[in-house]
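Notes follow the structure.
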Amino acid sequence: MAFKLNKYQLEVVQHIDGPCVVTSCPGSGKTATIVKRIASLIKDGIPQNNILCLTFTNKAASEMSERICKEIGIEKPMFFIGTFHSFCAGILRRVGHKIGYDKNFNIMDEKEQKEFMLQVSRAMDLDIELGDAEYLCGVLNHYRDKVESREWLERELKLDIYIELVDKYFEECVNQNMIDFSGLISETVRLIRQEEKLKDKIQEIFKYIMIDETQDTNKSQYELITLLSEKYKNIMLVGDLDQSIYGWRHARFQNIHDFISQYPNCKNISLSKNYRSTPQIIKVADKLIKNNNSHIPIDFETDNKNGPSVRAYDHIDQVEEAKWIAKKIKKIMEEGGWDADDIAILYRANKMSEPIEQAFSMEGIPYEVIGGNNFYDRKEIKDIIAMLNLLINRRNSISFHRICTLIGGIGNRTVGKIENYAQEHKINLIKACEKVSKTINSVKINKACEKIINVFQQEYDFSNPPKCLTKLLRNFRYFDYLNKKYGQENALERIDNIRQLIDTSSKFTGMDDAVIKFLQNISLISSNDKEVESDKVSLMTLHAAKGLEFPIVFLIGIEKGMLPHKKSISDSLDGLEEERRLCYVGITRAQKMLYLTWCRYRRRVGAAGRQIRKKSGPSVFLKEMDLVN
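Per our numbering: the sequence shown = residues 2 to 630.
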């Protein structure tokens, strides 16, 4: 839209001092309003380094930062705008030594966290399965995200040996200079609470704080927000309770209610005008979300022109549904002049994309599944990240184990000996590898250990990531390894991926601790940061669609047991309301046309391998929207 502030947006922009809550409906121009407000603060003479804006994706932060710089005519911002996790990682890099972390700590992703839990259990001579590690990681993440008591943790873990293991996990995170995602927030909170001078310094720096997508914050993040703002109280929370869809990630929209209770004098502003969708789309969205008890009544309105009516289309099963969608899209593109990237297919569960993909392939419709394999999840990229991680943190046992597997010749027993030796003698894993190899009478093991030692004893330029990466690859003879493992032709794509990684790393060249910053950037990239490709129809889950918009949306499978999903309803009392919010998010992604579909039957494969059809029916949500009887 040609952006001209309406009276409520202007109120947001002009608010400077004191607490404020901004409730924003979908398509309300929220991002543009935030940009204008931060630019206005700077134009009014507030020093840039006194401004802090926290959001949930690097993509959103980058977009806002660029727009603010353009608005005030600068090339590089002096204020911090980024994700909670990148903000906390920055603080821990600078002053984490006060609670035991070096600046070159490694950030573990979800998979690495489970691997680390298994590794700690092995060091304690415990025989636990992957399922146990998943359970334990889930409990400790819940404990920190929801700021539960120690009594809660012990009660949830039940067994003394599990309590000992989790305590050892916390201890080894510090010993090995590793940190997981929930730890980034909780350890930062612990650090600030523990260090009074640091708390005072941070509060003096960040006098004006803005939180985007507040409905997605968990209790630990809310605790951080409260700590940062308690001195000056110049804090603005922006959010939409009706788009709170991450309860399973411990997000709690109640943080907004808690803030209002905490600051009863806070200013409340509602951005209720939608600039995105047609009145027909808004009408069904409004009918649906009014059924939620958590909904704050607003006048959901728009000045946009009328569009086609919203209808619910029923089909025999998902195969027929997919065929109908494919034919409809071909017609829309051929007769309506729409491009493939104007269209999105949204669904509740990943498995629902398969029949759509089959139908699109048959009809020759180009598509992309968003939220599939991340670039950084590919084997060759994971291998190189492990090399870099071990290079900067030689206590990183996860990366050490991966590299040993990569080289071959060093089995789990030898890895265990090296890890135990490193812990007992308080030395890093490369030095331990050198010591242990001298005690082992095996040419194969000694040769593999020698290769690792030689690679990591060399000098590397940490200010130049491309140069550092290229030297590591050459020393490991990694391209030779790929050619041998996959054959030259099949290795080409993997080598191209590695060259893409090296090229991406070049933008960090010349920075202080450039390699560390490059690794941190990789570890904090979320699935929502992925760009939608041009000239392809986008297929994605409703969770992945949040924050996006498309001229044409197909929201499929709105059936009993699917949306609302039967598991989500059974998991919590708020399950039905969160599923309704999820459906609402899907509907409000559409700008011009919205197609809703459901099936009378769902095909699935039975125990004997035969295809069976299970009877289904329209979702209660379709009834609430008055689209089915």
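Even glycine gets a Cβ: it sits at the ideal position worked out from N, Cα and C.
This structure is a prediction, so every number in the text was calculated from the model and none was measured.
In this structure, the beta-carbon distance from Asn178 to Phe88 does not fall below 8 Å.
Counting only residues of its own chain and dropping the five nearest sequence neighbours on each side, Ser569 has a CB closer than 7 Å to the CB of Gly576, Glu579, Glu580.
Residue pairing by DSSP places Asn50 in no beta bridge whatsoever. Glu560 is not a Cβ neighbour of Gly488, given a cutoff of 8 Å.
Taken through DSSP and simplified to helix, strand or coil, Lys331 comes out as helix. For the stretch 370 to 422, the full-length alpha helix (DSSP H) segments reaching 4 residues or more read 380 to 393, 398 to 408 along the chain. Under DSSP, the beta-bridge partners assigned to Ala345 are Ser539, Val554.
When C-alpha distances from Phe622 are compared across Asn413, Asp287, Gly511, the shortest belongs to Asp287. The residue from Tyr209, Ile164, Asp217, Gln222 with its alpha-carbon nearest to that of Arg191 is Gln222. Rounded to whole angstroms, the separation of the alpha carbons of Lys436 and Gly587 is 58 Å. Counting only unbroken stretches of 4 or more residues, the alpha helix (DSSP H) elements lying wholly within the stretch 50 to 109 are 59 to 73, 85 to 96, in sequence order. About 6 Å separates the beta carbons of Asn219 and Arg253, which is inside the 8 Å limit, making them a contact pair.
Distance from the CA atom of Glu157 to the CA atom of Ser122, rounded to whole angstroms, is 18 Å. By the beta-carbon neighbour count (other beta carbons within 10 angstroms, threshold 16), Leu502 is buried. The DSSP-derived three-state label of Glu364 is helix.
Around the beta carbon of Asn275, 16 or more other beta carbons sit within 10 angstroms, so the residue counts as buried. Assignment of Asp315 by DSSP, reduced to helix, strand and coil, places it in the strand class. For Gln319, the closest C-alpha among the options Leu160, Arg605, Lys468 is that of Arg605. When secondary structure is reduced to three states using DSSP, Thr34 falls in the helix class. Spanning the alpha carbons of Asn294 and Gln216 requires a straight line of approximately 15 Å. When secondary structure is reduced to three states using DSSP, Gln177 falls in the coil class, being assigned neither helix nor strand. Bounds of the beta strand (DSSP E) holding Lys268 are 268 to 272. Counted as a single uninterrupted DSSP element, the alpha helix (DSSP H) harbouring Trp153 occupies residues 151 to 158.
Inter-residue distance for Ile382 and Lys332 is about 40 Å (C-alpha atoms, whole angstroms). Scanning Arg94, Ile496, Met563, Met237 for the CA closest to the CA of Arg475 turns up Ile496. Sequence-distant partners of Ile257 (beyond 5 residues in either direction) whose C-beta falls short of 7 Å from its own C-beta, in its chain, are Val22, Thr215, Gln216, Leu238, Gly240, Leu242. Shown here, Asn275 sits in a strand according to DSSP, grouped into three states. By the Cβ-count criterion, Glu113 is buried, with 16 or more other Cβ atoms from all chains shown falling within 10 Å of its own Cβ. For Gly511, the closest of Ile290, Leu392, Pro467, Gly74 by C-alpha to C-alpha distance is Pro467. Less than 8 Å separates the beta-carbon of Glu12 from that of Ile270. The DSSP-derived three-state label of Gln459 is coil.
Rounded to whole angstroms, the Cβ separation of Ile453 and Ile428 is 15 Å, and the two are not in contact under 8 Å.
Taken atom to atom, the span from the alpha-carbon of Ile206 to that of Trp153 is near 35 Å.
In this structure, Glu355 and Thr598 do not form a Cβ contact; the two beta carbons are roughly 16 Å apart against a cut-off of 8 Å.
Straight-line spacing of the CA atoms in Ile317 and Ile203 works out to 60 Å.
Annotation for Ile523: the continuous alpha helix (DSSP H) segment containing it runs 515 to 524.
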